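Taking it in order: structure first as structure tokens, then the write-up.
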Amino acid sequence: MSIPDFVPAIRKIAEDYPDATFVPGHGPLAKARDLRRFADYLEELYTSVQKAQKEGLSEDEAVDEIDLSEWDLSILPAAHDSLLPEWATAESNIRWVYQLLK
2 MSIPDFVPAI RKIAEDYPDA TFVPGHGPLA KARDLRRFAD YLEELYTSVQ
52 KAQKEGLSED EAVDEIDLSE WDLSILPAAH DSLLPEWATA ESNIRWVYQL
102 LK
């Protein structure tokens with residue numbers, strides 16, 4: 002599933018279950034408002050990286066240019082085809098989306 006497909010799916014779950022408590026794969030328990038915020042974050046992340054690529058920015062330039070600090074992200078371990086965890090940060094998220102869009 003792509004990010005543009007994932008965002009409306011997250012929003013639909015939040016809308017369909019407004020009073021539910023969600024148990025994510027990692028991180029704290031979440032409410033519908035947390036899912037909506039996550040969808041907003043993913044949408045901004047994707048749009049920002051897409052714009053950076055259209056402007057011809059390299060991956061490193063996109064990392065330097067895109068400011069996701071307003072989201073006050075938690076740093077979470079995320080294993081990707083490796084035994085050792087990587088850390089999911091604003092920078093790594095920008096890099097992952099940049100690679101997805103290539």
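Anchor point for the sequence shown: position 15 equals 16 in the numbering used here, and the numbering is continuous, going up by one each time.
Backbone N, C-alpha and C define an ideal beta-carbon position, used for all residues, glycine too.
Quantities reported herein were computed from a predicted structural model and do not represent experimental measurements.
Chain-order list of residues whose beta-carbon lies under 7 Å from that of residue i (same chain, five-residue window excluded)
i   : result
I11 : L36, F39 and A40
S49 : I67
R96 : E60 and V64
F7  : L43
Coil, strand or helix - residue i by DSSP
i   : result
A21 : coil
L46 : helix
CA nearest to the CA of residue i, picked from the options
i    : options              : result
D73  : E92, S59 and I14     : E92
A33  : S49, P9 and D20      : D20
L69  : G26, Y47 and L58     : Y47
K103 : A53, D6 and L30      : A53
Y18  : G26, K55, A31 and F7 : A31
Residue(s) in a DSSP beta bridge with residue i
i   : result
A63 : Beta-bridge pairing links A63 to no other residue.
A31 : F23
Proximity test, residue i beta-carbon vs the ligand HEM heavy atom, cut-off 8 Å
i   : result
I95 : The ligand HEM is not among the ligands present in this structure, which contains no ligands whatsoever.
Spatial neighbours of residue i in its chain, beta-carbon cut-off 6 Å, leaving aside the 5 residues before and after
i   : result
Y99 : V50, E60 and A63
I4  : L43 and Y47
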